[in-house]
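Converting from the sequence shown to my numbering requires adding 122 to each position, the first position being numbered 1.
Glycine included, every Cβ here is placed at the ideal spot set by N, Cα and C.
Reading through the structure tokens given below for one structure.
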Amino acid sequence: MIGRRLILSGLRKRYEDVWAVRDTNLEIEPGEFVSIVGPSGSGKTSLLTMIAGFETPTAGAIRIGDKDVTSLPPNRRDIGMVFQKYALFPHLTVGQNIGFPLKMRRALAAAPLKVRVEEMLQLVQLSDYRDRYPNQLSGGQQQRVAVARALVSDPPVILMDEPLGALDKKLREAMQFELKRIQQRLGATIVYVTHDQDEALAMSDRVAVMRQGELQQIGTPAELYGKPANAFVADFIGVMNFVPGIYHGSEGSDRIVQLAEGIRLRVPTAYDDRALALARTAAVHIAIRPEHIRLAPIGQSSDSAATGVVEASVFFGSTHVLLVRLTRLRDVVLRVEMPASKATSFINGTSVEVTFDDANLQIFPVKEELAA
Ligand code: ADP
Ligand code: MG
């Protein structure tokens, strides 16, 4: 079956005194894989349970394909789902659990149903466990059964809430590839909730970032990483350095930020063209990724912005991350990423020139709080 379009308009959910989801508008294309990320309590599960039909929106509408499903019960929405709290049936075997959605809909006769279940068992590598009961499985195996059960009826829309959370790292990565492969083969539209941003970036066509019930930004992984809409997204997705400074207005096509006495940065608007309604002397943060900072021995750089001292060097396989404390901004310790081969010349205690890659600097107003 081909995936369907999913449209959320003005969707909100209030529980007693909290807005779990605030005015949310989202359009997901047929066959698209969209992840929803955000800190705990930001409304991810609430959003998903409304799409599934287990919670009623306080306001707004949900459309799947050309149907308004806002007031339809879950079983009439053509959705497959993996929710942590919708566990397996303990009295059914693995095979019976996986076949359950087909049986309930009387979708297939006994023989083809058996064939289909076998296919799914193979897909999640549990063929040898067909006749076991859930309590005879590990947490990871149970999650794979839940994934197989969600996919078995080939639904046009699949919702998953942390479906791989119980798996150890290796198996989780294997299942990420598997899910992605299945999705591409079946063409289903997938909405995938995870608190693991690496997982989201690796699997998704687009990622939606939520905070306190509010959608902050939706975009491709590259857009979120390279052009975060605000400081929260910048901080939440990947690693970001923030350096405090004072905005000094613009000169030509550059914005000027003073970081400390004698350290003035020019941030070309050609790269960061967001309209910033900043007053002169506004407190701002300069944001820059670890791979966009270069180091050089003192005196060997013509364009450095500041000087600092290497305080630590952390091994990450092919790359190293160096921690560099700025000389004139003693509170700022930058994370600087570089190939392992280059890092060897910057041992602890080395004084360095620090250069920011202009094209990748961004300015954010300080009043935007950062992620915890
Ligand atoms: P997430 O999945 O991102 O961790 P949730 O959607 O579970 O976030 O929760 C969002 C907010 O709504 C939280 O403040 C949570 O406490 C609240 N909430 C969620 N479900 C309920 C409920 N059934 N009753 C009351 N408050 C709820
Ligand atoms: Mg949740």
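Report task. Check the DSSP bridge columns for residue 339 and list the partner residues they point to. Result -> 331
Query raised in the report: When the distance is taken between beta carbons, is residue 486 closer than 8 Å to residue 406?
Result: yes
Requested in this report: Report yes or no: do three or more beta-carbon pairs, one from the stretch 151-166 and one from the stretch 324-332, lie closer than 8 Å?
Outcome: Three or more pairs of CB atoms, one per stretch, sit closer than 8 Å, so the stretch 151-166 contacts the stretch 324-332.
**Report entry** Test item, CB below 5 Å from any non-hydrogen atom of the ligand FAD
**Finding:** Among the ligands present in this structure, namely the ligand ADP and the ligand MG, the ligand FAD is not found.
**Report entry** In DSSP terms, what residue 380 is bridged to
**Finding:** 368, 386
Requested in this report: Quick one: grab the DSSP three-state call for residue 484.
Outcome: Looking at residue 484 - three-state DSSP - the assignment turns out to be strand.
Query raised in the report: Do you know how far the Cα of residue 244 is from the Cα of residue 181?
Result: 42 Å
Query - Among 291, 318, 280, 292, the one whose alpha carbon lies nearest that of residue 308 - result: 280
**Report entry** Residue ranges of each alpha helix (DSSP H) within the stretch 242-279, 4 or longer
**Finding:** Fully enclosed alpha helix (DSSP H) runs of 4 or longer: 261-273.
Query raised in the report: By Cβ distance below 8 Å, which residues in the same chain neighbour residue 63 in space, the five residues on each side in sequence not counted?
Result: This structure does not reach residue 63, given that the chain is present from 123 up to 494, and the question cannot be answered.
Query - Simplified DSSP assignment, three categories, for residue 73 - result: Residue coverage of the chain in this structure runs from 123 to 494, which leaves residue 73 outside it and unanswerable.
Query raised in the report: Nearest to residue 387 by alpha carbon, out of 483, 442, 334?
Result: 483
Query raised in the report: Per DSSP, residue 283 is paired with what?
Result: Listed as beta-bridge partners of residue 283 by DSSP are 315.
**Report entry** Contact test: residue 188 Cβ vs the ligand MG heavy atom, cutoff 7 Å
**Finding:** Not under cutoff, so the answer is no.
Requested in this report: With DSSP collapsed to three states, give me the class of residue 177.
Outcome: Reduced to three states, the DSSP call for residue 177 is coil.
**Report entry** Rounded straight-line distance, which links the Cα of residue 142 to that of residue 168
**Finding:** 7 Å
Report task. Could you tell me if the beta carbon of residue 283 falls within a distance shorter than 7 Å of some heavy atom in the ligand MG? Result -> yes
**Report entry** Three-state secondary structure assigned by DSSP to residue 294
**Finding:** Three-state DSSP puts residue 294 in a helix.
Query raised in the report: CA-CA distance, residue 294 and residue 471?
Result: 39 Å
Query raised in the report: Any idea what DSSP makes of residue 459, helix, strand or coil?
Result: strand
Requested in this report: Note down the Cα distance separating residue 215 from residue 248, rounded to an integer number of angstroms.
Outcome: In a straight line, the C-alpha of residue 215 is about 12 Å away from that of residue 248.
Report task. Could you check which residue in 277, 222, 197, 474 has the C-alpha nearest to that of residue 422? Result -> 474
Query raised in the report: Are the stretch 445-453 and the stretch 423-437 touching by the rule of at least three beta carbon pairs closer than 8 Å?
Result: A contact between stretches requires three or more CB pairs, one per stretch, nearer than 8 Å, and the stretch 445-453 meets this requirement with the stretch 423-437.
Query raised in the report: Can you tell me whether DSSP reads residue 211 as helix, strand or coil?
Result: coil
**Report entry** Cβ contact check for the stretch 127-137 and the stretch 292-306: 3 or more pairs under 8 Å
**Finding:** no
Query raised in the report: Is DSSP giving residue 127 helix, strand or coil here?
Result: Here DSSP, grouped into helix, strand and coil, assigns residue 127 to coil.
Query - Rounded distance between the beta-carbons of residue 224 and residue 267, thought under 8 Å - result: Going by Cβ atoms, the distance from residue 267 to residue 224 rounds to 14 Å, so no, they are not a contact pair.
Query raised in the report: Expressed to the nearest angstrom, what Euclidean distance is found between the alpha-carbon atoms of residue 346 and residue 218?
Result: 41 Å
Query raised in the report: Per DSSP, what kind of secondary structure is residue 469 in: helix, strand or coil?
Result: coil
Query raised in the report: Taking DSSP as the reference, what is the three-state secondary structure of residue 138?
Result: coil
Query - Nearest-angstrom beta carbon gap, residue 469 and residue 428 [assumed within contact, 8 Å] - result: Contact doesn't hold; Cβ gap of about 20 Å is too wide.
Query raised in the report: Looking at the unbroken alpha helix (DSSP H) that takes in residue 223, where does it start and where does it end?
Result: For residue 223, the enclosing alpha helix (DSSP H) covers residues 216-226.
Query raised in the report: What span of residues does the beta strand (DSSP E) with residue 354 cover, start to end?
Result: First-last for residue 354: 353-358, but that is the alpha helix (DSSP H), not the beta strand (DSSP E).
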